[in-house]
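Right, one structure below, let's go through it.
Protein chains: 2
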Amino acid sequence: MKKEKFDYTNATVRLWLLAKQTGDLLKMCTERLFSEYDITTENYDVLVTVKYLGDRVNIVEIASWLRRSPNSISMLVDRMVKAGLVRRIRDKRDRRVVYVSITGKGEHILELANPGCWEVIKAILSPLSYEERRTFLSLFDAINRQALQYLNPGEDIQEMMKKRENLHAELMKRLPPYAWMTASEPEHKGGKKKL
Amino acid sequence: MKKEKFDYTNATVRLWLLAKQTGDLLKMCTERLFSEYDITTENYDVLVTVKYLGDRVNIVEIASWLRRSPNSISMLVDRMVKAGLVRRIRDKRDRRVVYVSITGKGEHILELANPGCWEVIKAILSPLSYEERRTFLSLFDAINRQALQYLNPGEDIQEMMKKRENLHAELMKRLPPYAWMTASEPEHKGGKKKL
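Residue numbers (the numbering used here), protein chains in the order written: chain A, 28 to 222; chain B, 28 to 222.
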């Protein structure tokens with residue numbers, strides 16, 4: 028076995044494992060914070076989606092945004108309805124359509140948890156400069172594109188990613204202002220140390 | 028709000044979401060393949076860990092390697108014992124210690140699923156050159172280090188990551204040879220297209 032080939036396979040396997048597992052590690056980081064407010068990271072993600080992605084989002088839209096199955100989101104929303112965090116609202120014009128909206132309690136918890144969550148995000152990403160963040164993003168985009176192509180053969184992936192980009196822009200417009208106010212200054216490139 | 032600051036926060040939020048959600052997307056890609064063998068991606072990950080990480084791994088080691096809680100791995104292993112994929116073995120010298128080992132059925136399924144899984148990994152990572160894979164890895168390493176520091180204040184993170192690296196080397200030694208034989212040649216840099 029050639030050394031080069033070994034290095035290549037080694038890097039490939041490590042990359043796959045890290046790409047697959049880093050999300051779980053990041054979820055653990057916020058879990059501790061959210062448990063103070065009696066919610067899970069999953070609950071928080073649904074609250075953020077319902078509150079900032081649009082006024083009227085349904086189960087399928089929440090599932091698609093969070094990269095989860097509609098079935099698992101539906102069960103999650105059921106539990107969140109019981110906990111008083113969100114409610115299901117039937118559309119007046121089309122009774123078959125059901126939207127999910129945030130309750131006063133959900134909104135209150137979101138307001139309490141948001142600043143801490145933003146602090147965690149900043150702390151975990153702090154070693155990365157703005158340029159490194161951009162590189163990281165384009166690498167993620169490349170494998171996300173491939174994964175979407177694999178999962179949706181024959182579909183217009185460009186269009187799919189464009190749609191998601193628009194949703195992200197929508198979310199950014201609605202995010203509360205402390206996110207901007209407390210962000211590290213781009214002048215410093217956000218990098219505390221180099222890789 | 029300054030444009031630069033917006034771009035910076037925008038990139039940060041997108042990066043956090045992608046880092047958190049890409050793993051779920053990758054799991055969806057292998058889920059379809061594994062369902063042909065009546066196993067989930069979780070089952071496959073445990074089979075790989077039990078078979079290739081070492082001869083005698085316990086629940087805590089499996090959980091740590093897969094970045095999961097020992098409790099959730101314990102329940103998963105219970106279900107896999109019922110499905111005949113793994114067995115629990117009590118240590119002869121210390122009856123309190125329980126190891127998990129793979130059964131003949133588990134091994135057979137692993138052999139069937141491995142080549143297809145490797146094809147998925149190659150396909151999803153195909154747009155990335157060797158250099159890009161290395162960059163991706165070092166970016167992942169940087170945020171993993173931060174996350175581990177956040178989750179384990181006061182502990183020696185360098186040592187923790189070194190230990191994981193050794194486990195990875197162990198896994199690479201035991202991986203079946205088709206992984207090497209079918210890997211893209213490093214001569215081609217593995218890149219079908221540039222970012």
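Glycine included, C-beta positions come from ideal geometry on N, C-alpha and C.
Below-8 Å beta-carbon distance, residue i vs any chain A residue
i, result
"B:Arg94", "yes"
"B:His195", "yes"
"B:Val40", "yes"
"B:Gly143", "no"
"B:Arg201", "no"
"B:Ala169", "yes"
"B:Ala174", "yes"
"B:Thr162", "yes"
"B:Asn37", "yes"
Where residue i sits in the DSSP three-state scheme
i, result
"B:Asn70", "helix"
"B:Tyr64", "coil"
"B:Arg59", "helix"
"B:Val77", "helix"
"B:Val124", "coil"
"B:Arg115", "strand"
"B:Asn85", "coil"
"A:Leu44", "helix"
"B:Lys220", "Confidence is the limiting factor: at B:Lys220 the pLDDT is only 46, short of 50, which leaves the residue's position unreliable, though a coordinate-based value still follows. Three-state DSSP puts B:Lys220 in coil, outside helix and strand."
Residue i versus residue j - alpha carbon distance
i, j, result
"A:Glu146", "A:Arg122", "41 Å"
"B:Lys247", "A:Ile170", "In this structure chain B extends from 28 to 222, so residue 247 of chain B is not present and cannot be described."
"B:Glu158", "B:Ser165", "11 Å"
"B:Arg94", "A:Phe163", "22 Å"
"B:Tyr64", "B:Ala140", "7 Å"
"B:Arg172", "A:Ala150", "11 Å"
"A:Lys78", "A:Ser128", "7 Å"
"A:Met188", "B:Gln176", "33 Å"
"A:Lys32", "A:Leu52", "29 Å"
"A:Asp105", "A:Val113", "9 Å"
"A:Ile89", "A:Ser96", "9 Å"
"A:Ser99", "B:Cys56", "17 Å"
"A:Arg191", "B:Ala38", "14 Å"
"A:Tyr126", "B:Met107", "38 Å"
"B:Ile17", "B:Leu103", "Nothing about residue 17 of chain B can be read from this structure; chain B reaches only from 28 to 222."
"B:Cys144", "B:Thr36", "36 Å"
"A:Glu134", "B:Val75", "42 Å"
"A:Glu197", "B:Gln48", "18 Å"
"A:Gly131", "A:Pro142", "18 Å"
"B:Val40", "A:Leu202", "10 Å"
"B:Leu80", "B:Asn193", "10 Å"
"B:Tyr120", "B:Ala174", "Reading off the sequence shown, one finds Arg at residue 120 of chain B, where the question assumed Tyr. Each residue's alpha carbon lies about 37 Å from the other."
"A:Gly217", "B:Arg160", "Per-residue confidence for A:Gly217 stands at a pLDDT of 46, beneath the threshold of 50, marking its modelled position as unreliable; the derived number appears in the next sentence. So the alpha carbons of these two residues sit roughly 23 Å apart."
"A:Arg83", "A:Gly111", "18 Å"
"A:Leu137", "A:Arg115", "18 Å"
"B:Trp43", "B:Pro204", "36 Å"
"A:Ala46", "B:Trp92", "14 Å"
"A:Val124", "B:Lys30", "38 Å"
"A:Gly50", "B:Ile66", "22 Å"
"A:Lys54", "A:Phe167", "18 Å"
"A:Asp118", "A:His195", "25 Å"
"A:Ser101", "A:Asp34", "44 Å"
"B:Pro180", "A:Ile148", "17 Å"
"B:Leu178", "A:Lys109", "30 Å"
Any C-beta of chain B under 8 Å from that of residue i
i, result
"A:Lys54", "yes"
"A:Leu166", "yes"
"A:Ile148", "yes"
"A:Ser153", "yes"
"A:Glu137", "For the record, residue 137 of chain A in the displayed sequence is Leu; it is not Glu. Output row for A:Leu137: interface = no."
"A:Tyr79", "no"
"A:Leu178", "yes"
"A:Glu159", "yes"
Practice prompt. Go through the region 131-203 of chain A residue by residue and report every complete run of the alpha helix (DSSP H) that reaches 4 residues or more, in order.
Written response: 131-152, 157-178, 184-201
Worksheet item: Three or more C-beta pairs closer than 8 Å, one from the region 151-158 of chain A and one from the region 63-75 of chain A: is that the case here?
Response: Short answer: they don't touch.
Worksheet entry | the region 181-195 of chain B in contact with the region 42-60 of chain B per 3-pair CB rule at 8 Å | no
Discussion item. Residues of the region 46-70 of chain B in Cβ contact with chain C at a cutoff of 7 Å, in chain order, please.
Written reply: Absence of chain C from the displayed structure is noted, the protein chains being A and B.
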